[in-house]
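Everything on this sheet refers to the single structure shown next.
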Amino acid sequence: MSSTPLAPGRPRTRRPHGPRPSHRPRRPRFNSAYLFILPSVLLIGVFIAEPIVQSGWMSLHDWTVGESHHKFVGLDNYTALYHDHRFWNALRVTVVYTAAVTAGQVLLGLAIASRLRRTTWYTALLRTAYFFPFIASLVVSGIVWKFLLDPQVGLVDAWLSKAGVTPPDWLQSTSLALPTVIAVGIWKNVGFTMIVLLASMQQIPPDLYEAAALDGAGPWQRFRHVTLPALRPALLFTTLIATVTGLQLFDLVFSMTSGGPIFHTESVVMYLYQKGFVEFRMGYASAVAWVLFVVILAVSALQLRLSRYRDAD
Amino acid sequence: MPTDTLRPRSAPGVGGPYDDGPRSPRTVRLITAGRVLARSGAALSWVAVIVGALATIVPFLWMLGVAFRTNSDLYADPARLIPKHWTLHGVHAVVSQLPFGRLVVNTFVFAGGTTLLLLLFDSMTAFALARLKFRGSNVVFLLILATLMVPFQVTLVPVFLTLFHLGWLNSYQGLIVPRATSALGIFLLRQFFMQLPRELDDAARIDGANDFTLFWRIILPNAKPVLASLFIIQFAALWNDFLWPLVVTNNVDMQTLPAALTLFSSQSGVDHAALMAGAAISLSPLAVAFLVLQRWFVQSVATTGIK
Numbered sequence: 001m002s003s004t005p006l007a008p009g010r011p012r013t014r015r016p017h018g019p020r021p022s023h024r025p026r027r028p029r030f031n032s033a034y035l036f037i038l039p040s041v042l043l044i045g046v047f048i049a050e051p052i053v054q055s056g057w058m059s060l061h062d063w064t065v066g067e068s069h070h071k072f073v074g075l076d077n078y079t080a081l082y083h084d085h086r087f088w089n090a091l092r093v094t095v096v097y098t099a100a101v102t103a104g105q106v107l108l109g110l111a112i113a114s115r116l117r118r119t120t121w122y123t124a125l126l127r128t129a130y131f132f133p134f135i136a137s138l139v140v141s142g143i144v145w146k147f148l149l150d151p152q153v154g155l156v157d158a159w160l161s162k163a164g165v166t167p168p169d170w171l172q173s174t175s176l177a178l179p180t181v182i183a184v185g186i187w188k189n190v191g192f193t194m195i196v197l198l199a200s201m202q203q204i205p206p207d208l209y210e211a212a213a214l215d216g217a218g219p220w221q222r223f224r225h226v227t228l229p230a231l232r233p234a235l236l237f238t239t240l241i242a243t244v245t246g247l248q249l250f251d252l253v254f255s256m257t258s259g260g261p262i263f264h265t266e267s268v269v270m271y272l273y274q275k276g277f278v279e280f281r282m283g284y285a286s287a288v289a290w291v292l293f294v295v296i297l298a299v300s301a302l303q304l305r306l307s308r309y310r311d312a313d
Numbered sequence: 001m002p003t004d005t006l007r008p009r010s011a012p013g014v015g016g017p018y019d020d021g022p023r024s025p026r027t028v029r030l031i032t033a034g035r036v037l038a039r040s041g042a043a044l045s046w047v048a049v050i051v052g053a054l055a056t057i058v059p060f061l062w063m064l065g066v067a068f069r070t071n072s073d074l075y076a077d078p079a080r081l082i083p084k085h086w087t088l089h090g091v092h093a094v095v096s097q098l099p100f101g102r103l104v105v106n107t108f109v110f111a112g113g114t115t116l117l118l119l120l121f122d123s124m125t126a127f128a129l130a131r132l133k134f135r136g137s138n139v140v141f142l143l144i145l146a147t148l149m150v151p152f153q154v155t156l157v158p159v160f161l162t163l164f165h166l167g168w169l170n171s172y173q174g175l176i177v178p179r180a181t182s183a184l185g186i187f188l189l190r191q192f193f194m195q196l197p198r199e200l201d202d203a204a205r206i207d208g209a210n211d212f213t214l215f216w217r218i219i220l221p222n223a224k225p226v227l228a229s230l231f232i233i234q235f236a237a238l239w240n241d242f243l244w245p246l247v248v249t250n251n252v253d254m255q256t257l258p259a260a261l262t263l264f265s266s267q268s269g270v271d272h273a274a275l276m277a278g279a280a281i282s283l284s285p286l287a288v289a290f291l292v293l294q295r296w297f298v299q300s301v302a303t304t305g306i307k
């Protein structure tokens, strides 16, 4: 860091060569860097770092709000989770949602980005349309879709009936509720993938395509050997982001289904919310949070690892 | 869906810079069966893309339509997108059934206040980490990186208890202060500050600038684009945030729009027009900002990649 030689408060006189002088400047110089980091470090310490430790500690206790004594129970909360069917169900729902939305969002995003790659007035308009749901909150999206799919006032069912199709019970059906939520999840996020991939596509030098075409590569080969390799970092990035946000699924199911019908769309974070902030079983909720943390870490690490293997070929 | 079906199969030739396949010049057009297939495939893919785009927009148009029609009109013909009789009933209903003005103010205070504090604190820390020398800087940076990996839900329960003991639940400080710094913001700003030329610092110091003037007068003005990007991203994320305000507030006078609307929507016999008017109003600031500043939004998302 080259800023120190000219730092204020330090004598600008040249030191004689030899060992550093033993005497310090009269007033010990206060390093203002500590003032700069103070607010963030304080906030991160109090509201992020300490709570992470405390959450781990609480997960080892029977910590229910309103009770004066919080009994240390070791790993009991985790063993209880292991035998908790509702938790496993929530984990399954979350993983299925995440896998389906990530795959759908990335593949559809790639397809749309490839189609809208040329910049013209109509592709610009279409890009705006696809990106728009990403601006809306998950809550507004969830509420609007919940009523779009409503059997009495919903547009979707009304249009299907007009077309002579009997509309299914989208969100009331145990078999269709989760796929419907997944479809809305993809609808909400596909514009994000599209934008990131488009930004990455515009960085690809056109010469590469000309060279590939001269070598006789067809459209598919140009896509496979020029576009895809160039997009690999962006694809990995969007996949990672989609996975991590998918595993934290909460807003969409809370506003669309409240976890129903009979827990068929209850996610891990919804279960955490239920245990921690409805039943006030804070120790158990903390254990759920830590399992979620481990799942997220493991899945992200796996994805990074797999992408490295693919890089090696 | 395999992407190759979505592009025209054309013979090699000279094409535009942003296309996978250079297009064939018109003179060598050969009408073969494959070519006809490719043409119809391309046409189909355009139809699919346009239908998909309509599917992203129609729900919002329907929301607007429902907000401005009577409930009897809605029940009579739900297939209608545009109201038969326009009415402000929905807007009146949501304002009377919810403390709506208060909710809008709360959401603005929460999203705006948090974002401004966050930008200040994050850029201060990022400045120290990128441009100043101090003992323990590596430890601080590693600590910040480590917290980046932990999902926010892990801290939710202990932070809730802390706010409870401070008496900060249902208050602006409870909503704002714990979110007023972000590891990701520090990380992104640090990356940006490290790219600024060192000569800036040296020149400023020769002119007698201390750390504070260097930060405020030199570094921050040079970081305007990245600060604007972060502002957009953070403000939008907080405006749309749901779980955090839901946990910190249970009094409807302190809630933000997403939490209040969700709880409102789950009431039985909810007034559809009121709900959709509320949803439309809560969407409108970001929607208008997006349509006006589209380039900024897109660039912010593409560069920072966060919601």
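Quick mapping for you: the protein sequence lines, in order, are chains A and B. full-length UniProt numbering applies: residue 1 is where the first sequence begins, and numbers increase by one. full-length UniProt numbering applies: residue 1 is where the second sequence begins, and numbers increase by one. Just so you know, even glycine gets a beta-carbon here, dropped at the ideal spot from N, CA and C. Note that this is a predicted model, so its numbers are computed, not measured.
Straight-line measurement puts the Cα of residue 162 of chain B at about 43 Å from the Cα of residue 200 of chain A. Within the same chain, and ignoring the five residues on either side of residue 289 of chain A in sequence, the residues whose Cβ sits closer than 7 Å to its Cβ are 55, 272. A Cβ-Cβ separation of about 12 Å leaves residue 35 of chain A out of contact with residue 121 of chain B under the 8 Å criterion.
Within chain A, the residues whose beta carbon sits less than 9 Å from that of residue 124 of chain B are 35, 36, 37, 38, 39, 40, listed in sequence order. Between residue 65 of chain B and residue 81 of chain B, the gap from beta carbon to beta carbon is short of 7 Å. When Cβ pairs closer than 8 Å are counted between the two stretches, the region 93 to 113 of chain B is seen to touch the region 166 to 179 of chain B, the count reaching three or more.
Judged by their CB atoms, residue 196 of chain B and residue 126 of chain B are not nearer to each other than the 7 Å cut-off. For residue 72 of chain A, the beta-bridge partners assigned by DSSP are A:61. For residue 226 of chain B, the enclosing alpha helix (DSSP H) stretches over residues 224 to 240. Closer than 8 Å at the C-beta level to chain B, one finds these residues of the region 105 to 117 of chain A: 107, 108, 110, 111, 112, 114, 115, 116, 117.
For residue 281 of chain A, the beta-bridge partners assigned by DSSP are A:64. Taking a 10 Å sphere around the C-beta of residue 130 of chain A, we find 16 or more other C-beta atoms and assign the residue as buried. In terms of beta-carbon proximity, residue 172 of chain A stays away from the interface with chain B, with every pair separated by 7 Å or more. Residue 96 of chain A and residue 299 of chain B have their C-alpha atoms spaced approximately 31 Å apart.
Contact annotation: residue 34 of chain B and residue 273 of chain B have beta-carbon atoms that are not nearer than 7 Å.
DSSP places residue 202 of chain A outside both helix and strand once states are collapsed to three, so it counts as coil.
Contacts between residue 149 of chain B and chain A, judged by CB atoms closer than 9 Å, involve 293, 296, 297, 300 in chain order. Interface residue (Cβ-Cβ distance to chain A less than 7 Å): residue 176 of chain B is not classified as such. Proximity to residue 173 of chain A across A:292, A:267, A:39, A:261 peaks at A:261, based on C-alpha coordinates.
Proximity to residue 141 of chain A across A:79, A:236, A:183 peaks at A:183, based on C-alpha coordinates.
Contact annotation for residue 162 of chain A against chain B: 79 [CB-CB distance below 7 Å, chain order]. With at least 16 other beta carbons inside 10 angstroms of its own, residue 115 of chain B counts as buried. Using a Cβ-Cβ cut-off of 7 Å, residue 72 of chain A does not count as an interface residue toward chain B, since no Cβ of chain B sits closer than that to its own. Secondary structure note for residue 232 of chain A: its alpha helix (DSSP H) is the uninterrupted segment 228 to 247.
The beta carbon of residue 293 of chain B lies closer than 8 Å to those of 232 in the same chain, with the five residues before and after it left out. Proximity of chain B to residue 30 of chain A at the Cβ level (cut-off 9 Å) is not reached, the minimal Cβ distance being about 11 Å.
Listed along chain B are 153, 243, each with a C-beta nearer than 8 Å to that of residue 269 of chain A. At least one beta carbon of chain A lies nearer than 7 Å to the beta carbon of residue 45 of chain B.
A contact between stretches requires three or more CB pairs, one per stretch, nearer than 8 Å, and the region 216 to 227 of chain A fails this requirement with the region 96 to 107 of chain A. Rounded to whole angstroms, the gap between the alpha carbons of residue 285 of chain A and residue 159 of chain B is 13 Å.
Between residue 93 of chain B and residue 271 of chain B, the C-beta spacing is below 7 Å. Remark: C-beta atoms of residue 187 of chain B and residue 226 of chain B do not approach each other more closely than 7 Å. The DSSP-derived three-state label of residue 202 of chain B is helix. Residue contact with chain A for residue 95 of chain B: absent (no Cβ-Cβ distance below 7 Å to any residue of chain A).
Between the alpha carbons of residue 216 of chain B and residue 118 of chain B lies a distance of about 16 Å.
Using a CB distance cut-off of 7 Å, residue 88 of chain A does not count as an interface residue toward chain B.
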